[in-house]
Amino acid sequence: MIQYIIRRFLYALPILLGVNILTFILFFVVNSPDDMARMQLGHKHVTEQAVQNWKHQQGYDLPLLWNPQAEASEKLTETIFYQKSMSLFLFDFGISESGRNIGADIKQRMWPSLSIALPSLFVGLLVNISVALMMVLFRNTYLEFSSIVLCVVLMSISSLFYIIGGQFFIGKLLKLVPISGYDTGLSAIKFLILPVLISVISGIGSGARWYRTLFLEEVEKDYVRTARAKGLTETQVLFKHVLKNAMIPILTGVVVVLPLLFMGSLIMESFFSIPGLGSYTIDAINRQDFAIVRSMVFLGSVLYIVGLILTDISYSFVDPRVRLT
Amino acid sequence: MIILWTDALIYILVVASFLAGFFISRKPHFQRPLKKISASKTGMVSLLFLIFFIVIGLLDSIHFKETEGRTREIISLLDYVAKPLRMQNEKTYSAPFSAYLYSKEMVEEDDRKIVWGYPRLKFGGSHLQNPDQEGLADVFNKAAVGFAKGAGLFILFFVLLWSYLHDRHKYLLKGSTAKVVWATAFLLISTAYMLIYLSGYYHVLGTDKVGEDVFYQAIKSIRTGLVIGSLTTLIMLPLAIVFGIMAGFFRGWVDDVIQYIYTTLNSIPSVLLIAASILMVQVYMSNHAEDFNSLIVRSDMRLLFLCLILGVTSWTGLCRMLRAETLKLREMEYVQAAQALGVKQSTILIRHILPNVMHIILISVVLDFSSLVLAEAVLSYINIGVDPTTYSWGNMINGARLEMARDPVVWWSLLASFVFMFGLVLAANLFADTVRNAFDPRRTEQGE
Chain G
0 MIQYIIRRFL YALPILLGVN ILTFILFFVV NSPDDMARMQ LGHKHVTEQA VQNWKHQQGY
60 DLPLLWNPQA EASEKLTETI FYQKSMSLFL FDFGISESGR NIGADIKQRM WPSLSIALPS
120 LFVGLLVNIS VALMMVLFRN TYLEFSSIVL CVVLMSISSL FYIIGGQFFI GKLLKLVPIS
180 GYDTGLSAIK FLILPVLISV ISGIGSGARW YRTLFLEEVE KDYVRTARAK GLTETQVLFK
240 HVLKNAMIPI LTGVVVVLPL LFMGSLIMES FFSIPGLGSY TIDAINRQDF AIVRSMVFLG
300 SVLYIVGLIL TDISYSFVDP RVRLT
Chain P
0 MIILWTDALI YILVVASFLA GFFISRKPHF QRPLKKISAS KTGMVSLLFL IFFIVIGLLD
60 SIHFKETEGR TREIISLLDY VAKPLRMQNE KTYSAPFSAY LYSKEMVEED DRKIVWGYPR
120 LKFGGSHLQN PDQEGLADVF NKAAVGFAKG AGLFILFFVL LWSYLHDRHK YLLKGSTAKV
180 VWATAFLLIS TAYMLIYLSG YYHVLGTDKV GEDVFYQAIK SIRTGLVIGS LTTLIMLPLA
240 IVFGIMAGFF RGWVDDVIQY IYTTLNSIPS VLLIAASILM VQVYMSNHAE DFNSLIVRSD
300 MRLLFLCLIL GVTSWTGLCR MLRAETLKLR EMEYVQAAQA LGVKQSTILI RHILPNVMHI
360 ILISVVLDFS SLVLAEAVLS YINIGVDPTT YSWGNMINGA RLEMARDPVV WWSLLASFVF
420 MFGLVLAANL FADTVRNAFD PRRTEQGE
C-alpha cells in the first residue's frame with residue numbers, strides 16, 4: 000500500500016514537469032518578458048531603460064533555458080526556467096508582480112475558500128442524493144417525470160442567474176442576509192448562508208440526475224431482486240441495499256474533488272466578495288499578474304493529482320475487491 | 000463579401016454536418032435510433048428550436064461591407080435585415096415598450112417651458128401622440144396585428160407544403176409528433192414575426208446603458224453562443240478521435256504518451272488554462288496591433304482563440320471514453336478476424352473501429368454543446384471570455400449585473416439574456432437527452 004502510494008507520487012513528477020513546461024511555454028516563449036514588461040508598464044511611451052528595470056526587478060532578465068555566461072552548474076540554475084518554474088516544486092511561489100509573497104497569501108486565503116466550499120459540497124451532496132432517491136422510489140410515476148423535467152430546466156439556467164437572482168431576492172428585497180462580504184470567526188456564518196444555498200440549488204439539476212442514473216443502474220441488479228424476493232419493502236431495499244452499494248461511485252466522485260476545494264469557486268467568491276483563493280485568482284487575471292496565475296496553475300494540478308491518488312486509495316477502502324499493488 | 004475566420008469554419012462545419020448526416024442516415028444500424036429520435040415529441044420540438052436558432056446564427060455569419068454610410072463597416076446579413084434595430088439608438092436606458100427615457104432631463108415642452116422630467120424617446124413609441132393613454136392599447140393592437148400577419152405567412156407556406164406533402168409523404172403531416180411539431184412551428188414563427196413587427200415601433204426589450212436596443216443585442220448573441228458551442232467541438236473532435244482510438248488500439252508506448260498528455264492537460268484547472276492562454280492572446284494582440292486593425296476582425300480572432308482553447312481543454316473527456324471503448328472493441332472477434340486476414344491496420348481503424356464508436360462521439364457532441372454555451376457566460380464574466388465588444392449573453396449579463404442596485408431596477412438586459420440563453424440551452428439539453436436515449440445501447444434495452 001505505502002509502496003503503491005510512493006510510486007504514484009513518483010508518477011506525478013513527470014506530469015507536474017509537463018505542466019511546468021506548458022506554463023513556461025505559454026508565459027515566456029509565446030510572449031517574451033519584454034512584451035510582458037510593456038504590457039505592465041503601459042503600451043506606448045516606455046523607455047528601454049524602464050523595461051530593463053522592470054525585468055530586473057521581477058528577475059526576468061535571465062536567459063530562458065541556458066545561461067552560457069554563468070559557471071558550471073549555474074549554467075542551468077541561472078535561468079528563468081529554473082528560477083521561476085522549478086522553484087514551484089518546492090512550493091516556493093515567489094513574489095507576485097505587485098510585490099507580495101504569494102505563498103503567504105495562499106495560506107491566508109485558503110480558509111475562507113474552504114469555509115464556503117466544504118458546506119456547499121456536503122449540503123449539496125445530501126440534497127442531491129435525497130432528491131435522487133425520491134425519484135428512484137417514485138419511478139415510473141408522474142412525480143418522477145415532472146421532477147426529471149424540473150431537473151433539466153434547473154440545469155439549463157446559467158449559474159450566474161442563480162447568483163444574481165439569489166442576491167436580488169434574498170439579499171436585496173427580503174433583506175434576510177447581507178448581499179456580500181466576509182467576516183472572521185463565527186460571525187462569518189451569516190455571510191456564508193446565501194452562497195452555500197445558491198450553490199446547492201444551482202447544483203441540484205445535474206447532481207440529482209447523475210445520482211439517479213447511478214441508483215437506477217444499481218436497482219436493476221440481481222441482489223436487489225433477491226432482496227425484494229425476500230419480502231423487503233421498497234424503501235428498505237433502497238436505503239439498505241441500493242444506497243449502500245451506490246455509495247462506492249458516489250464516495251470516489253467526492254474524493255476526487257476534495258483537494259480541489261482549496262482552490263475555491265471563482266464566480267461565487269467574486270460575486271460575494273469572499274477573500275478566498277478564487278477571488279484571488281480572478282483579481283490576478285484582471286490585473287494580469289502572471290506570477291500568481293502561474294502559481295495557481297501549479298497548485299491546481301498538484302491538488303488534482305492528489306485527488307486522483309486519494310480516489311485510488313479510497314477505492315481500496317470501500318470496495319474490498321480492489322487491491323492496490 | 001467578407002469571410003471572417005469563424006465564418007469560414009462555420010461553413011465548413013455546416014458542410015461537414017450535412018455529410019455526416021448523409022453518411023449516418025445510409026448506415027443500417029443507425030436507422031433505428033434515428034427513427035426513435037424522429038418519433039420523440041420533445042426531441043423534435045427542441046430540434047425545431049435549435050434549427051430556428053441556427054438559421055439566425057447562419058444569417059449572422061454572412062458578412063459584407065456596407066455599401067452606403069460614412070464608415071463602411073463590416074456588417075452581416077442579419078444586421079442588414081435588422082437595420083432599424085441597429086440604427087435606432089436612444090440616449091440611455093429605457094424600459095421595454097416605454098416611450099420615455101429612464102432618466103430625467105431638462106425637457107422643453109410645447110409651450111417652450113423647460114421642465115425637469117422624463118423626455119420622450121427618439122424612436123420607441125414615437126408614433127404615439129399621447130403615450131400615457133394610448134400606449135398599452137397600441138402595444139396590444141400592434142402585437143395582435145403582428146401575430147396575425149405572422150400566422151398568415153405561416154399558413155400560406157403550410158398550405159403550399161401541404162399540397163406537396165399530402166400525396167407523397169403523409170407521415171410528415173399525420174403522425175402525433177408531426178402535429179406537435181407543426182403547432183410549435185406555427186407559434187414560433189408567428190411570435191417571431193410579432194416581435195419583429197413590434198420592434199419597428201417600440202424597443203421590445205428596452206435599451207441598454209448607451210441606448211442600444213436590447214432585443215438586437217440578444218439576437219446578435221445567438222451567433223456567439225452557437226459558435227462557442229459548435230466550433231469548439233469541431234476543434235476537439237479530431238484530437239479526441241485520433242488520440243483516443245490510437246491509444247486504445249496500439250496500446251504500448253503510444254498509449255503511455257497519449258495518457259501522459261491528457262493527464263497533464265486535465266490536471267491544469269481549465270479556467271486557469273483558459274485565463275493564461277487568453278492573457279497571452281491579449282499580449283500578442285497588443286504587440287501586433289497592426290494585424291488586427293478592424294474591431295470586428297479582432298473580436299473575431301479572439302472568439303476563435305477562445306474556441307481553440309476551450310477545445311484543447313475539453314477533448315480529454317471524450318478521448319478517455321474512446322480509448323476505453325477501443326480497448327474493448329479491439330478484442331472483439333470481427334476485429335481479430337480482420338487482423339488474421341491481414342487487413343491493414345489503418346483500414347481496421349477506419350472500417351471497423353470508427354463506425355462502432357460513432358454513437359459515443361455523437362452523444363458527447365450534443366451533451367457538450369449546452370455546457371459550452373453556459374461556460375461562455377461565466378468566462379465572459381471573469382473577463383476571459385469573448386472580446387468585450389462582441390455581442391454575447393455573458394457580456395450582457397456582465398454589463399447589467401451592477402444595474403440591479405438601481406432604483407427602479409434595470410432588469411430588462413438580464414431578462415433578455417436569460418430568456419434567450421435559457422431557450423437555447425434548454426432546447427440543446429432536451430435534444431441531447433433524446434439523442435442519448437436513442438443511441439446509448441444500454442438505454443435502448445431498458446426502454447423497449
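In the order they appear, the protein sequences are chains G and P.
Just so we're aligned, residue 0 is where the first sequence starts under numbering that gives the first Met the number 0, counting upward by one.
Just so we're aligned, residue 0 is where the second sequence starts under numbering that gives the first Met the number 0, counting upward by one.
Where is the CB? At the ideal position from N, CA and C, for every residue including glycine.
| query | result |
| --- | --- |
| Rounded C-alpha distance that separates residue 328(P) from residue 334(P) | 7 Å |
| Interfacial residues, the region 178–199 of chain P to chain G, with Cβ spacing under 7 Å | none |
| Straight-line Cα distance separating residue 22(G) from residue 418(P) | 38 Å |
| Three-state secondary structure (DSSP) of residue 31(P) | helix |
| Contacts of residue 147(P) in chain G (Cβ-Cβ under 8 Å) | Per Cβ cutoff of 8 Å: no residues; residue 147(P) is ~31 Å from chain G at best. |
| Beta-bridge partners of residue 119(P), as assigned by DSSP | 99(P) |
| Contact with chain G by residue 420(P), beta-carbon distance below 8 Å | yes |
| Residue-chain proximity (residue 275(P), chain G), Cβ-Cβ < 8 Å | yes |
| Burial state of residue 301(P), where buried means 16 or more other Cβ atoms lie within 10 Å | buried |
| Residue-level contact to chain P via CB, residue 303(G), 8 Å cutoff | yes |
| Burial state of residue 289(P) (16 or more Cβ within 10 Å) | exposed |
| Any 3 or more C-beta pairs closer than 8 Å across the region 54–65 of chain P and the region 1–13 of chain P | yes |
| Members of the region 248–276 of chain P near chain G, C-beta cut-off 9 Å | 259, 260, 262, 263, 264, 265, 266, 267, 268, 270, 271, 272, 274, 275 and 276 |
| Sequence-distant residues of the same chain with beta carbon closer than 7 Å to residue 83(P), five excluded per side | 199 |
| Contacting positions in the region 17–40 of chain G - beta carbon closer than 8 Å to chain P | 17, 18, 21, 22, 25, 26, 29, 30, 34, 35, 37 and 38 |
| Residue 25(G) to residue 236(G) span [Cα, whole Å] | 54 Å |
| As assigned by DSSP and simplified to three states, the class of residue 62(P) | strand |
| Range covered by the alpha helix (DSSP H) that runs through residue 13(P) | 4–25 |
| Distance CB(residue 288(G))-CB(residue 95(G)) smaller than 8 Å | yes |
| Helix, strand or coil at residue 19(G) [DSSP, three-state] | helix |
| Under 7 Å from the C-beta of residue 417(P): neighbouring residues of chain G | 160 |
| Contact the region 225–234 of chain P vs the region 108–128 of chain P: 3+ CB pairs below 8 Å | no |
| Burial state of residue 50(P), where buried means 16 or more other Cβ atoms lie within 10 Å | exposed |
| Top-ranked residue by Cα proximity to residue 402(P), from 185(G), 274(G), 307(G) and 163(G) | 163(G) |
| Segment limits, beta strand (DSSP E) that includes residue 73(P) | 73–75 |
| For residue 436(P), the three-state DSSP class (helix, strand or coil) | helix |
| Status (buried if at least 16 other CB within 10 Å, exposed otherwise) for residue 98(G) | exposed |
| C-alpha distance - residue 43(P) paired with residue 179(P), whole-angstrom precision | 9 Å |
| Endpoints, the beta strand (DSSP E) within which residue 106(P) is located | 104–107 |
| Residue 100(G) versus residue 88(G): straight-line alpha-carbon distance, rounded | 16 Å |
| Pairwise C-alpha distance: residue 216(G) and residue 240(G) | 13 Å |
| Per-residue DSSP class, three states only, for residue 446(P) | In this predicted model, residue 446(P) has a pLDDT of only 43, less than 50, meaning its place in the structure is not dependable enough to derive any value. |
| Sequence-distant residues of the same chain with beta carbon closer than 6 Å to residue 445(P), five excluded per side | Any reading at residue 445(P) needs caution, since the residue's pLDDT is 47, under 50, leaving its predicted position unreliable; the model's value is listed next. The answer is none, since no qualifying residue turns up. |
| Where residue 369(P) meets chain G, residues with beta-carbon distance less than 9 Å | 154 and 155 |
| Residue 310(G), DSSP secondary structure in three states | helix |
| Backbone secondary structure at residue 255(P) - three-state DSSP | helix |
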